[in-house]
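**Student:** This is the structure, below, for whatever I ask next.
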Amino acid sequence: MLLPELAGGAAAELDDLRAVCDRAVGRLLAADPDGILIVGTGPETAWRRPDEYGTLAPWGVPLEVVPGRRGRPALPLSLTVGAWLLSRSVDLVPVPAGATEPAGQPGLPADPSAVMEPAATAAAVAGGDPVPVGLASLATGEPPDGCAAFGRHRCAPWRSRVALLVMGDGSAYRENPATRYGDPRAEKFDATAAGALAGADLDGLMRLDPSLAADLGVAGRAVWQALAGAASGADWRAELLYDAAPYGVGYLVAAWEPAGGRTAGGSGTMG
361 MLLPELAGGA
371 AAELDDLRAV
381 CDRAVGRLLA
391 ADPDGILIVG
401 TGPETAWRRP
411 DEYGTLAPWG
421 VPLEVVPGRR
431 GRPALPLSLT
441 VGAWLLSRSV
451 DLVPVPAGAT
461 EPAGQPGLPA
471 DPSAVMEPAA
481 TAAAVAGGDP
491 VPVGLASLAT
501 GEPPDGCAAF
511 GRHRCAPWRS
521 RVALLVMGDG
531 SAYRENPATR
541 YGDPRAEKFD
551 ATAAGALAGA
561 DLDGLMRLDP
571 SLAADLGVAG
581 RAVWQALAGA
591 ASGADWRAEL
601 LYDAAPYGVG
611 YLVAAWEPAG
621 GRTAGGSGTM
631 G
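As structure tokens, this is what we get:
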């Protein structure tokens, strides 16, 4: 529903959420990263191939948001939406020929990056030079330790000043006023996740229960725990920018920045 093309006539109802997401992306770009890694849920825990592309065709919308070769595998929806959000602030163009594996990551598939040319609204990014954009997915059922390890050992070292755009929803079973249906555990789970994101509480993110998250249709648990792994070993300033449940789905938007200044990339998380 975040994409207007999917929301149809109700698109305007989430304009405030899109504006908050744009603010979070703007803060991520303002960190002047030398690489941006979009992390979302998917069928497997892996780097995504640079020739995969994002499309909404399976949902009946002829919209493609990530350059790639048609006929190649389509990206998971979380990464498609993440690339769409990023493309609202910068231009995404295809990955150049000869992409290599991420430095220090032997055995991983080819560098999962596209290159973006900053638009006028993001001209400060890397002094206006193209910035690599990588794509990685976490399996919804990935155990917490595996999520944290992926974040710590694969996401964080991808670039020296990597910025993470972390895509994940809260509970899908918050009470919906239109249907009056909901799971009584959902609001508490989302409040716990929101508190951890608001306080950059890495231990709090790691304590999120995978079984309960699965029961509640939480798409963000695995990627939030990958964020905890990637952010370990540093102090962070965090701000929760949005916490609501339109249509009975928990949406959280937060921005994290290094507490000691811009000595490392920023991290953003949204659902």
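Here our numbering is used: the first residue of the sequence shown is 361, the next is one more, and so on.
Glycine included, C-beta positions come from ideal geometry on N, C-alpha and C.
Computed from a predicted model, the values in this text were never measured in an experiment.
1. Roughly how many angstroms separate the alpha carbons of Gly610 and Trp444, rounded to a whole number?
2. Note down the Cα distance separating Arg512 from Pro504, rounded to an integer number of angstroms.
3. Give every residue of the same chain whose Cβ lies closer than 6 angstroms to the Cβ of Ala573, excluding the five residues on either side of it in the sequence, and list them in chain order.
4. What does a CB cutoff of less than 6 angstroms around Gly442 pick up in its chain, not counting 5 residues either side in sequence?
5. Taking the straight line between their C-alpha atoms, what separation do you get for Leu576 and Asn536?
6. Return yes when the Cβ of Ala558 is within less than 8 angstroms of the Cβ of Ala598, no when it is not.
7. With 16 other CB atoms within 10 Å as the buried threshold, where does Pro466 fall?
8. Cys515 and Ala406: beta carbons closer than 8 angstroms?
9. Which whole-angstrom value describes the C-beta separation of Leu439 and Arg408, a residue pair presumed to lie in contact below a C-beta threshold of 8 angstroms?
10. Would Leu435 and Leu495 be called neighbours here (beta carbons separated by less than 8 angstroms)?
11. Applying the 10 Å Cβ sphere with the 16-neighbour rule, what's the burial state of Pro492?
12. Trp616 to Ala417, Cα distance in whole Å?
13. What distance in whole Å lies between the Cβ atoms of Leu374 and Pro606, which are believed to be in contact at a cut-off of 8 angstroms?
14. State the Cα-Cα distance for the pair Glu412 and Ala509, rounded to the nearest angstrom.
15. Skipping 5 residues on each side, what residues in its chain have a beta carbon closer than 8 angstroms to that of Ala499?
16. State the Cα-Cα distance for the pair Asp603 and Val578, rounded to the nearest angstrom.
17. Distance, Cα to Cα, Ala588 vs Ser497?
**Tutor:** Considering the structure as presented:
1. Taking the sequence shown and counting its residues from 1, the one referred to as residue 610 is at position 250. Taking the sequence shown and counting its residues from 1, the one referred to as residue 444 is at position 84. One alpha carbon belongs to Gly610, the other to Trp444, and they sit about 20 angstroms apart.
2. Reading the sequence shown from its first residue, position 152 is the one you call residue 512. Reading the sequence shown from its first residue, position 144 is the one you call residue 504. Each residue's alpha carbon lies about 12 angstroms from the other.
3. In the sequence shown, counting from the first residue as 1, residue 573 sits at position 213. For Ala573, where only same-chain residues beyond five positions count, the Cβ hits under 6 angstroms are Arg581.
4. Counting from 1 along the sequence shown, the entry for residue 442 is found at position 82. Taken in chain order, the residues that qualify are Ile398, Gly400, Leu525 and Met527.
5. Here the question's residue 576 lines up with position 216 in the sequence shown. Here the question's residue 536 lines up with position 176 in the sequence shown. Using only the alpha carbons, I get a separation of about 14 angstroms.
6. Residue mapping note: residue 598 aligns to position 238 of the sequence shown, counting from 1. Residue mapping note: residue 558 aligns to position 198 of the sequence shown, counting from 1. Between Ala598 and Ala558, the gap from beta carbon to beta carbon is short of 8 angstroms.
7. Position 106 of the sequence shown holds residue 466. Because the pLDDT at Pro466 is just 32, under 50, the model does not fix this residue reliably, and the value given afterwards should be weighed accordingly. Pro466 is exposed by the Cβ-count criterion.
8. The residue given as residue 515 occupies position 155 in the sequence shown. The residue given as residue 406 occupies position 46 in the sequence shown. Judged by beta-carbon spacing, Ala406 lies beyond the 8 angstroms limit of Cys515, meaning their Cβ atoms are not closer than that value.
9. On the sequence shown, residue 439 is found 79 positions in, with the first residue counted as 1. On the sequence shown, residue 408 is found 48 positions in, with the first residue counted as 1. The C-beta distance from Leu439 to Arg408 rounds to 7 angstroms, short enough to meet the 8 angstroms contact threshold.
10. In the sequence shown, counting from the first residue as 1, residue 435 sits at position 75. In the sequence shown, counting from the first residue as 1, residue 495 sits at position 135. Cβ atoms of Leu435 and Leu495: closer than 8 angstroms.
11. Along the sequence shown, one-based indexing puts residue 492 at 132. When all chains shown are included, Pro492 counts as buried.
12. Stepping through the sequence shown from its first residue, residue 616 is reached at position 256. Stepping through the sequence shown from its first residue, residue 417 is reached at position 57. Spanning the two alpha carbons is a distance of roughly 33 angstroms.
13. As a working note, residue 606 is residue 246 in the sequence shown. As a working note, residue 374 is residue 14 in the sequence shown. Correct: roughly 6 angstroms between the Cβ atoms.
14. As a first step, residue 412 must be located in the sequence shown, where it is residue number 52. As a first step, residue 509 must be located in the sequence shown, where it is residue number 149. Distance between the alpha carbons of Glu412 and Ala509 is about 24 angstroms.
15. Walking along the sequence shown from the start, residue 499 turns up at place 139. The answer, listed in chain order, is Thr401, Gly402, Pro403, Glu404, Thr405 and Ala582.
16. Translated into the one-based positions of the sequence shown, residue 603 becomes position 243. Translated into the one-based positions of the sequence shown, residue 578 becomes position 218. The straight-line gap separating the alpha-carbon atoms of Asp603 and Val578 is approximately 15 angstroms.
17. On the sequence shown, residue 588 is found 228 positions in, with the first residue counted as 1. On the sequence shown, residue 497 is found 137 positions in, with the first residue counted as 1. Whole-angstrom Cα-Cα distance: 15 angstroms.
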